[in-house]
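Chains as they are written, first to last, in the numbering used here: chain A, 5 to 140; chain B, -8 to 294.
Quick look at the structure:
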């Protein structure tokens, strides 16, 4: 493994690497402080995002008027606005993400049935094909 | 010297027209028998074996497990599992043909029995499949499928074969109407993978099924939502195939199942093809996604 395999670290956390890649990566990690830090950082970011609270909107009717609170300088308002927008994106994103990532169950039995039914149309020795379904 | 003899033996074999193999298969499908069948596969992940009761009648074949029986033939499949019956019907129009890279020859008689004959299927001059057929019925008494390195990949043997009585194999009186699988249009999967061609495609649960064949082996690729979970394959380790990581696979005696994901889809391959063919096929199918960290983080948050 040459260079720093930073592109593999995220896949490693998702357990999507092959055993060969895992072996090579862990060997590299054992000697590379830089990649260890990168891996720690990636893992920490994920933990932080998971730990974010879901914010409730404020109750309606509570307003803030310009007469009560004097306006902050323009640059500060812009900065605060940008931060608020970013926070909304993250919170909404987590909300949408948690819904959007809802897994669809893999219908493997149906897939086997459909494959073997189609295969049975062709000339062939059916006994071998049908055995695949029983032991799926 | 040994190689020369092998070449001589191969060249002395009689090449059979493909039609003869089709006749054998059709003739075997008409046979009526009961028996038990052993299937053993020497897969890359270890040896797997299965012994099942089999029965064949009226062009349909039944295999029974402890709580499971399946009947297939002529595009119909009746799957009775734990008291739940599934009846699927498919009516493709693509005619069967054998890949022209295969050569069907009279094989060397290996069993010593007079009531059987051997049919070999060669690929690039190397033995890919050997069938020992019952002389009278053409039913395969045994079959051997070889990997690309010449080693045995799958062995099947029909044992304790006998005549069946005249009772119907299944009772169709209370059978629900079949679920007819419709053809799918606008399939993005490639028209060929390895030397296999996509014969036809169907609407499947949660996606599309593309059926590939080379006339001897078959596989289906199911294109599904990326959010599809791994089912029983989720616990399998990610393995490298075709020079790429990110595949999860499960070898069973009669079939291999492979799951992988791209940026937008999940794919499941189910088939009886040998491991070296599988590697070649995967090269031509969409590659597992090895997205960069930013892309992964985005997908991780937003789904």
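The beta-carbon is built from N, C-alpha and C at its ideal position, and this holds for glycine as well.
Of all Cβ atoms in chain B, is any one closer than 8 Å to the Cβ of residue i?
i	result
residue 43(A)	no
residue 25(A)	yes
residue 30(A)	no
residue 39(A)	no
residue 95(A)	Residue placement at residue 95(A) is flagged as unreliable, the pLDDT there being 49, under the threshold of 50; the coordinate-derived value follows with that caveat. False, the Cβ-Cβ gap to chain B never drops below 8 Å.
residue 8(A)	no
residue 116(A)	yes
residue 123(A)	yes
residue 110(A)	yes
residue 107(A)	yes
residue 35(A)	no
Report buried or exposed for residue i, applying the criterion of at least 16 other Cβ atoms within 10 angstroms of its Cβ.
i	result
residue 95(B)	buried
residue 150(B)	exposed
residue 119(B)	buried
residue 182(B)	exposed
residue 234(B)	exposed
residue 126(A)	buried
residue 67(A)	With a pLDDT of 47 at residue 67(A), under the threshold of 50, the predicted position of this residue should be treated as unreliable, though the coordinate-derived value follows. So residue 67(A) ends up on the exposed side.
residue 20(B)	buried
residue 25(A)	buried
residue 100(B)	exposed
residue 185(B)	buried
residue 176(B)	exposed
residue 53(B)	buried
For residue i and residue j, which I take to be in contact (beta-carbon distance under 8 Å), what is that distance rounded to the nearest angstrom?
i	j	result
residue 112(A)	residue 223(B)	6 Å
residue 227(B)	residue 239(B)	4 Å
residue 81(B)	residue 121(A)	5 Å
residue 143(B)	residue 132(B)	Between residue 132(B) and residue 143(B) the Cβ distance is about 17 Å, and since that is not below 8 Å, they are no contact.
residue 12(A)	residue 47(A)	Rounded, the Cβ-Cβ distance is 14 Å, inconsistent with contact.
residue 129(B)	residue 15(B)	4 Å
residue 248(B)	residue 264(B)	At roughly 12 Å, the Cβ-Cβ gap does not stay under 8 Å, so residue 248(B) and residue 264(B) are not in contact.
Under 8 Å between C-beta atoms, does residue i make it to chain A?
i	result
residue 65(B)	yes
residue 167(B)	no
residue 143(B)	no
residue 211(B)	yes
residue 193(B)	yes
residue 274(B)	no
residue 277(B)	no
residue 256(B)	no
residue 220(B)	yes
residue 269(B)	no
Quick check: the Cα distance between residue i and residue j, rounded to an integer number of angstroms?
i	j	result
residue 78(B)	residue 62(B)	9 Å
residue 204(B)	residue 193(B)	15 Å
residue 49(B)	residue 153(B)	16 Å
residue 220(B)	residue 214(B)	13 Å
residue 41(B)	residue 246(B)	11 Å
residue 209(B)	residue 113(B)	17 Å
residue 114(A)	residue 163(B)	21 Å
residue 147(B)	residue 32(B)	9 Å
residue 18(B)	residue 140(B)	32 Å
residue 29(A)	residue 188(B)	37 Å
residue 277(B)	residue 179(B)	10 Å
residue 198(B)	residue 122(B)	36 Å
residue 9(A)	residue 38(A)	10 Å
residue 98(B)	residue 107(B)	11 Å
residue 64(B)	residue 51(B)	5 Å
residue 34(B)	residue 59(B)	24 Å
residue 280(B)	residue 42(A)	21 Å
residue 45(B)	residue 7(A)	57 Å
residue 206(B)	residue 118(A)	18 Å
residue 74(B)	residue 272(B)	37 Å
residue 15(A)	residue 255(B)	16 Å
residue 39(B)	residue 57(B)	18 Å
residue 117(B)	residue 230(B)	28 Å
residue 35(A)	residue 29(B)	50 Å
Could you pull the start and end residues of the alpha helix (DSSP H) that residue i belongs to?
i	result
residue 95(B)	Careful: residue 95(B) lies outside any alpha helix (DSSP H), inside the beta strand (DSSP E) at 93 to 97.
residue 272(B)	266 to 275
residue 113(A)	112 to 123
residue 128(B)	No alpha helix (DSSP H) contains residue 128(B), which DSSP labels as neither H nor E.
residue 14(A)	10 to 17
Could you please give the first and the last residue of the uninterrupted beta strand (DSSP E) stretch that includes residue i?
i	result
residue 44(B)	37 to 48
residue 71(B)	67 to 72
residue 55(B)	51 to 55
Could you tell me if the beta carbon of residue i falls within a distance shorter than 7 Å of some heavy atom in the ligand GTP?
i	result
residue 167(B)	As presented, the structure is devoid of all ligands, the ligand GTP included, so that no description of it is given.
Please name the residues in the segment 107 to 129 of chain B whose beta-carbon is closer than 8 Å to at least one beta-carbon of chain E, in chain order. In summary, chain E is missing from the structure at hand, where the protein chains are A and B.
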